[in-house]
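Heads up, the thing below is written out as structure tokens.
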Amino acid sequence: MTVTDDETFRMARGRLRSGAVLAGSVAATILGLLLVTFFIGRVIPVDPVLAVVGDRASAETYAAAREAMGLDEPLWRQFLIYLGGVLRGDFGQSVLTGRPVLADIGRFFPATLELATLATLIGVLAGVPLGVIAAVRRGRWPDHVIRVVTLLGYSVPTFWLGMIALLLFYATLDWTAGPGRVDLFFEGLAQPVTGSLLIDSALAGAWDVFGSALDHILLPALVLGTFSLAYIARMTRSFMIDQLGQEYVLAARAKGLSEARVVWRHALGNTAIPLVTVVALSYGALLEGSVLTETVFAWPGLGAYLTNSLLNADMNAVLGCTIVVGIVFIGLNLLSDLLYRLLDPRAR
Amino acid sequence: MTAMRAWLLDEAPASPAQAAMGRAYVAWRDFAANPLALTGLIIVLLLVALAVLAPLLTAHDPYAQNLDDRLLPPGAAHWLGTDQLGRDILARILYGARITLMIVGLVAVIAAPVGLVVGCVSGYFGGWLDVVMMRVTDVFLAFPRLILALALVAALGPGIENAVIALALTAWPPYARLARAEALTIRGREFIDAARMQGATAWGIVFTQVMPLCTSSLIVRLTLDMAGIILIAAGLGFLGLGAQPPAPEWGAMIAAGRQYLFDQWWVATMPGLAILVVSLGFNLLGDGLRDVLDPRR
């Protein structure tokens, strides 16, 4: 996870430009993204065909793939062909599942979204209050404790934390369910509507399935949420310190408002807009963090699909996932930009 | 001691060397007043010491297998226990510190200068060069770092050299952004005009005047990034894409201990603790350095 505090935040804010420039820059970034994935898939490997079909493919499959990839064409034409395919939603076939990569991604993505959303929710609900407390008690022991805790959240390898959590809460204490998305018994019972097992089972009124799904998601969501908790708490602290030094806070105090009202309503209310950007960025980082978390918890999402494809050298699937996550990243950046403009009158 | 402090804190230093040392002393005093930052520095120094002195600190060979002693719990003979091949876990962690340091060092040595040159050239010259270079930087910034590294290693093939290449390729863009921002503020200053009028070429100015001034914020950023690099490298190792067995890489050690997790917890737990402590050390150090060197905070 790579978001580093205010640096990224300032970068995101620095991208506030006029709409047309914004659209152009998004298009150029996506084009660059595809150029990089094309380069990774076709230029770096010694034999790109082998990388796509795998080394157990028959001679006919090999020849067909070579033909389909247009490897006899000059490089720039190959890129145009590749670009055309991606724009039509054709990411190629997955060697592992034998199905189109995009269909696979569509099947696995909801589980990842569900996990990342719950983790972000945990991060916001715990991170914002911690950040506020640290700012109010700045320089005193609650601030120091929170600083160490948030730095721990930055420093812990999530895959290891996941394993320790399983060891402690599943194997030893038996408080939560183990790996997987739901107990085997309930597998496939809820009619998929949204792809989120929690929502689907609740809609169907299948509360036993819901309970089992909740039991399974809690631990990975908590593990994944530690990072966004740390990030959101640190950013909230620094925004709040800015706000608490403003004159309107002094005025509100002089007016005789209770300290709780000054802090939680006035000051925190004014940090809401920059916090939106922070939450969007941390959401993106969680999609990335889910790669390792899902592997540990056998969570059937995009991250597990990506690592499975990686270990089987299934390049089409790897690059498909890279493109999709990259585009979601760009989309989240764009969304936070737009929200910023919408919510902050000064940015209009 | 008092005379030395007075000399260091002299308001009117007699030489540039005295002024520089005085500044360094003041910065160090700020830094040392922050217990968390000091802890971070100690952890990082300890890591270097442990890596260098590994053969002196343990009698065990990190590669020596002894199947009679496999999966022993922590005890007098093996302080942190043994793994599935009967190798001493403490010895493997100590020697593994060398791998971690090597990865971090190589990535820093490759990525930081690249970012510095790209950023300074981009910021100083401006124009179409700036537009093109920053567009490229933005593309790399738009990629989630771990996933780009994974895709690169998938194409290059697993191994520690390829992991370093992938990490370096994903690490430079923030440095370029940072250096560019610094270069933009420096380029309009008077001493740059003075250098130009003395006949310095544009490239000469970039390399001798602009770059040295960009380095301090770059170092802070680099220190803060170290933890991230360690975590991603460990993640690659965990997935079997980084250092290959039998190398005692911490991430790969955790992966090997995964199947024994519920019965022999120490095999996976110990290397994870090592990663946690070291990346916490770099984070504390970077946090402290930023407080000292960044006047905005």
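So the protein sequences, as listed, match chains A and B.
My numbering puts the first residue of the first sequence at 616, with every later residue one more than the last.
My numbering puts the first residue of the second sequence at 89, with every later residue one more than the last.
Note that beta-carbon positions come from the ideal geometry of N, C-alpha and C, so glycine has one too.
Considering only A:Val636, A:Gly826, A:Val664, the residue with the shortest C-alpha distance to valine 710 of chain A is A:Val664. It is roughly 17 Å from the alpha-carbon of valine 838 of chain A to the alpha-carbon of leucine 368 of chain B. In the DSSP assignment, glutamine 347 of chain B falls outside any alpha helix (DSSP H) and carries neither an H nor an E. Between isoleucine 342 of chain B and tryptophan 775 of chain A, the CB-CB gap stays under 8 Å. Nearest to arginine 275 of chain B by C-alpha distance, out of B:Trp260, B:Leu238, B:Thr296, B:Pro261, is B:Thr296. Close partners of methionine 930 of chain A in chain B (Cβ separation under 8 Å): Ala242, Ala243. Between valine 906 of chain A and leucine 234 of chain B, the CB-CB gap stays under 8 Å.
Straight-line spacing of the CA atoms in leucine 329 of chain B and serine 924 of chain A works out to 13 Å. In this structure serine 811 of chain A is buried. Its beta-carbon is surrounded by 16 or more other beta-carbon atoms within 10 angstroms. Listed along the chain, the chain A residues whose CB falls inside 9 Å of the CB of isoleucine 253 of chain B amount to none; the nearest CB is some 10 Å away. Rounded to the nearest angstrom, the gap between the Cα atoms of phenylalanine 784 of chain A and serine 770 of chain A is 21 Å. As the crow flies, the alpha-carbon of tyrosine 697 of chain A is around 54 Å from that of asparagine 122 of chain B. Annotation for alanine 895 of chain A: Leu947, Leu950, Ser951 place their beta carbon closer than 7 Å to its own, counting only its chain and skipping 5 residues before and after. Residue-level contact check: valine 227 of chain B touches chain A, since one or more beta carbons of chain A fall below 8 Å from its beta carbon. A direct Cα-to-Cα measurement between valine 751 of chain A and leucine 381 of chain B gives close to 24 Å. Per DSSP, the continuous alpha helix (DSSP H) segment holding glutamine 693 of chain A begins and ends at 690-702. Within the region 322-337 of chain B, the residues whose Cβ lies closer than 9 Å to some Cβ of chain A are Ala322, Gly323, Phe326, Leu327, Gly328, Leu329, listed in chain order.
Burial state of isoleucine 832 of chain A is buried, judged by a 10 Å Cβ sphere holding 16 or more other Cβ atoms. Three or more beta-carbon pairs separated by less than 8 Å are not found between the region 867-874 of chain A and the region 924-939 of chain A, which leaves the two stretches without contact.
Excluding sequence positions up to five before and after aspartate 171 of chain B, its CB lies within less than 8 Å of the CB of Arg158, Leu159, Ile177, Arg180, Met341, Ala344, Gly345, Val355, all in the same chain and listed in chain order. Non-local beta-carbon contacts of aspartate 758 of chain A in its own chain, meaning distances under 7 Å to residues more than five positions away in sequence, involve Ala749, Arg752 in chain order. Within the same chain, Ala254 come within 6 Å of leucine 240 of chain B by CB-CB distance, once the 5 residues on both sides are set aside. The continuous alpha helix (DSSP H) containing histidine 759 of chain A extends over residues 756-770.
Contacts between leucine 907 of chain A and chain B, judged by CB atoms closer than 9 Å, involve Leu234, Gly323, Phe326, Leu327 in chain order. Nearest to leucine 155 of chain B by C-alpha distance, out of B:Ala147, B:Asp149, B:Leu173, B:Val140, is B:Leu173. Taking methionine 850 of chain A as reference, the option from A:Leu646, A:Ala819, A:Leu883 with the minimal CA-CA separation is A:Leu883. Rounded to the nearest whole angstrom, the C-alpha separation of isoleucine 938 of chain A and aspartate 149 of chain B is 44 Å. Positions of the alpha helix (DSSP H) runs, each at least 4 residues long and wholly inside the region 276-324 of chain B, are given as 278-285, 290-293 in order along the chain.
DSSP places isoleucine 847 of chain A in the uninterrupted alpha helix (DSSP H) bounded by 822-859.
If you check the CB distance, alanine 271 of chain B and glycine 325 of chain B do not come in under 8 Å. Using a Cβ-Cβ cut-off of 8 Å, isoleucine 131 of chain B does not count as an interface residue toward chain A, since no Cβ of chain A sits closer than that to its own. Those residues of the region 757-790 of chain A placed with their C-beta closer than 9 Å to a C-beta in chain B are His759, Arg762, Val763, Leu766, Leu767, Tyr769, Ser770, Val771, Pro772, Thr773, Phe774, Trp775, Leu776, Met778, Ile779, Leu781, Leu782, Tyr785, Ala786, Thr787, ordered along the chain. Of the residues B:Ala152, B:Ala264, B:Leu310, the one whose Cα lies closest to the Cα of valine 224 of chain B is B:Ala264. With respect to chain B, the C-beta atom of valine 940 of chain A has a partner C-beta closer than 8 Å. Taking a beta-carbon distance threshold of 8 Å, aspartate 375 of chain B counts as an interface residue toward chain A. Around the beta carbon of tyrosine 863 of chain A, fewer than 16 other beta carbons sit within 10 angstroms, so the residue counts as exposed.
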